[in-house]
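Written out below as structure tokens is the structure these notes cover.
There are 2 protein chains.
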Amino acid sequence: MAGSDRGSGTSTPRKRADARRNEATLLAAAAAAFLAAGVDAPVRDIAARAGVGVGTIYRHFPTRADLIVAVYRHQVQACAEAAPTLLATSGTPHAALTAWIDLFVDFLATKHGLAEALNSDSAAFETLHGYFLDHLVPACAHLLDAAAEAGEIRPDTNAEELLFAVGNLCAGRAPHYDARRMVGLLVAGLRLR
Amino acid sequence: MAGSDRGSGTSTPRKRADARRNEATLLAAAAAAFLAAGVDAPVRDIAARAGVGVGTIYRHFPTRADLIVAVYRHQVQACAEAAPTLLATSGTPHAALTAWIDLFVDFLATKHGLAEALNSDSAAFETLHGYFLDHLVPACAHLLDAAAEAGEIRPDTNAEELLFAVGNLCAGRAPHYDARRMVGLLVAGLRLR
DNA sequence: GGAATATACGGAACGATGTTCCGTTTGCCA
DNA sequence: TGGCAAACGGAACATCGTTCCGTATATTCC
Chain A
1 MAGSDRGSGT
11 STPRKRADAR
21 RNEATLLAAA
31 AAAFLAAGVD
41 APVRDIAARA
51 GVGVGTIYRH
61 FPTRADLIVA
71 VYRHQVQACA
81 EAAPTLLATS
91 GTPHAALTAW
101 IDLFVDFLAT
111 KHGLAEALNS
121 DSAAFETLHG
131 YFLDHLVPAC
141 AHLLDAAAEA
151 GEIRPDTNAE
161 ELLFAVGNLC
171 AGRAPHYDAR
181 RMVGLLVAGL
191 RLR
Chain B
1 MAGSDRGSGT
11 STPRKRADAR
21 RNEATLLAAA
31 AAAFLAAGVD
41 APVRDIAARA
51 GVGVGTIYRH
61 FPTRADLIVA
71 VYRHQVQACA
81 EAAPTLLATS
91 GTPHAALTAW
101 IDLFVDFLAT
111 KHGLAEALNS
121 DSAAFETLHG
131 YFLDHLVPAC
141 AHLLDAAAEA
151 GEIRPDTNAE
161 ELLFAVGNLC
171 AGRAPHYDAR
181 RMVGLLVAGL
191 RLR
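Chain order of the listed sequences is A and B. Counting in UniProt numbering, the first sequence runs from 1 upward without gaps. Counting in UniProt numbering, the second sequence runs from 1 upward without gaps.
Here's what the structure looks like:
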């Protein structure tokens, strides 16, 4: 986690100093651009913010998904790690599930275009899709299992599908639309009656 | 509804024959293009299919939303009109609601990109948004009211928000994602327990 | 310290797409 | 039939993602 000059197995020769510097600059620039214009911010804008050419972006982050993942990696990880904690501190598994999904919704709601990108079937976003799924599905499945075992929800619920649905509900904004409430309805629909 | 040469109040002079012909051709071409490539089909493709220049498209349908509305107008109307029928023939209001929403989902699911466009907050799609809302919200509200009155669902449900959520759930496709099931969960969440 | 070399950089260039604009064509009416 | 307003076509412009290659520079080796 802390190491930075080791690749997978075969030793990666270590990148040039300017390359590492640019990568960090680019990450900061992208974060700023995403905040200002959403995750669809034009490549040229990000490059300009970082003071580099567009080629440099593509060299470091071949697809937009790679850049998005790099920018939000820590927040996704934090979200995933919150699941067991919530399960331990909440009254019931269903309460923990609800709280955790709220966390996820809060995360998505503050990133314009992220939910849309997440649910795009474009091949370019497959990496993004995969990253989120790899990290968040196990966390969600854990909560789902606990709630199912406690007899609170129907046992056949698929974590991947649920997260995808939540992502969809968070995509798009409208005057009288509250994604949180709709997600709440969805989670309520999970409950056994 | 059947008249075609009257504007609002001041008499519209009636369009030229070639203009009327092109409009019909364009509608057919757009329908075909939407079917083949989704509602985001390139303007040039539609123009080519119709054998007209791109300028002609913009003259008849200033925004893509106008074109989409024109293409799907009849289906939307049919969907709206199905609501009272379903209410009369279904066992319970909630059953009618479920059936009607299934209808809506089926409609959306067969139009690639429509749900996405519907929930886009882009100003260009405001017309589309408005059209769907104007026609479908009353139909849905009717069913919602009936179900609420029968004590089947929570009475504070907003039709516009619900439809928007259903649209969102239908946007985006993934290997293990079934929009119908998720919509079912959402509607189940409406029920009083 | 001073080349040699691989690495990284910058930005021009290309293709796709939406949108506008204006010279040309054509239906319509007198 | 002549004239004009309506409509047309498609070139032209703007934006954006993506690629590519000549140039610059960090690193290494002597």
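For each residue, glycine too, the CB sits at the ideal point set by N, CA and C.
Original post:
Roughly how many angstroms lie between the CA atoms of VAL166/B and ARG16/B, to the nearest whole one?
Top reply: Rounded to the nearest angstrom, the two C-alpha atoms are 41 Å apart.
Original post:
When we look at the beta-carbon of HIS74/B and count the other beta-carbons within 10 Å, is it buried (16 or more) or exposed?
Top reply: By the neighbour-count rule (16 or more Cβ atoms within 10 Å), HIS74/B is not buried but exposed.
**OP:** Tell me the start and end of each unbroken alpha helix (DSSP H) in the stretch 126 to 185 of chain A that is at least 4 residues and wholly inside, in chain order.
**Re:** Counting whole runs of 4 or more residues, the stretch 126 to 185 of chain A contains the alpha helix (DSSP H) stretches 126 to 149 and 159 to 170.
**OP:** Below 8 Å on the Cβ atoms is my guess for ALA80/A versus LEU136/A; work out the distance and round it to an integer in Å.
**Re:** With 8 Å as the limit, ALA80/A and LEU136/A qualify as a contact, their Cβ atoms being about 6 Å apart.
**OP:** Can you say whether HIS129/B is buried or exposed, counting buried as having 16 or more other CB atoms within 10 angstroms of its CB?
**Re:** HIS129/B is buried by the Cβ-count criterion.
Original post:
Between CYS34/B and chain A, is there a C-beta pair that is closer than 8 Å?
Top reply: The displayed chain sequence assigns Phe, not Cys, to residue 34/B. Taking a beta-carbon distance threshold of 8 Å, PHE34/B does not count as an interface residue toward chain A.
**OP:** With DSSP collapsed to three states, give me the class of ARG14/B.
**Re:** Coil at ARG14/B, not helix or strand.
**OP:** Take ASN22/B as the anchor and find which of HIS60/B, HIS94/B, ALA70/B and ASN119/B has the nearest alpha-carbon.
**Re:** When HIS60/B, HIS94/B, ALA70/B and ASN119/B are compared, the shortest CA-CA separation from ASN22/B is found for HIS60/B.
Subject >> Nearest residue (CA-CA) to LEU163/A, options ALA65/A, ASP102/A, LEU26/A and ARG64/A >> reply: Each of ALA65/A, ASP102/A, LEU26/A and ARG64/A was checked against the Cα of LEU163/A, and the nearest Cα belongs to ASP102/A.
Subject >> chain B within 8 Å of ARG193/A, Cβ atoms only >> reply: Yes, contact with chain B.
Original post:
Any Cβ of chain A within less than 8 Å of the Cβ of LEU186/B?
Top reply: By the rule that beta-carbons nearer than 8 Å mark a contact, LEU186/B touches chain A.
**OP:** Have a look at ARG20/B and VAL52/A and give me their C-alpha separation to the nearest angstrom.
**Re:** One C-alpha to the other measures close to 53 Å.
**OP:** Assess, as a yes-or-no matter, whether the stretch 56 to 72 of chain B is touched by the stretch 142 to 150 of chain B under the definition of 3 or more beta carbon pairs within less than 8 Å.
**Re:** Because the criterion of three Cβ pairs below 8 Å is not met, the stretch 142 to 150 of chain B and the stretch 56 to 72 of chain B do not touch.
**OP:** Could you tell me which chain B residues have their CB closer than 9 Å to the CB of PHE164/A, listed as they occur along the chain?
**Re:** Within 9 Å Cβ-Cβ: GLY172, ALA174, HIS176, TYR177 and MET182.
**OP:** Give the residues of chain A in contact with GLU152/B, contact being defined as C-beta atoms less than 9 Å apart.
**Re:** Going along chain A, no residue has its Cβ under 9 Å from GLU152/B, so there is no contact; the nearest lies around 12 Å.
Original post:
Cβ atoms of LEU169/B and ASN158/A: under 8 Å apart, would you say?
Top reply: Between ASN158/A and LEU169/B, the C-beta spacing is not below 8 Å.
Original post:
Whose C-beta lies closer than 7 Å to the C-beta of GLY171/A among residues of the same chain, with five residues either side of it excluded?
Top reply: Sequence inspection shows Ala at residue 171/A; the Gly mentioned does not correspond to that position. Correct list, in chain order: ALA115, GLU116 and ASN119.
Subject >> Inter-residue spacing [alpha-carbon to alpha-carbon] between THR92/A and ARG193/A >> reply: Taking the straight line from one Cα to the other gives about 16 Å.
Original post:
Residues of chain A with a CB under 9 Å from the CB of GLU23/B: which are they?
Top reply: Residues of chain A passing the Cβ test: none, with the nearest at roughly 30 Å.
Original post:
Between the C-alpha atoms of ARG173/B and SER122/A, what's the straight-line distance to the nearest angstrom?
Top reply: Each residue's alpha carbon lies about 10 Å from the other.
Original post:
Would you call the stretch 22 to 36 of chain B and the stretch 180 to 189 of chain A touching, i.e. three or more CB-CB distances under 8 Å?
Top reply: A contact is defined here as three or more CB-CB pairs under 8 Å, and the stretch 22 to 36 of chain B fails this definition with respect to the stretch 180 to 189 of chain A.
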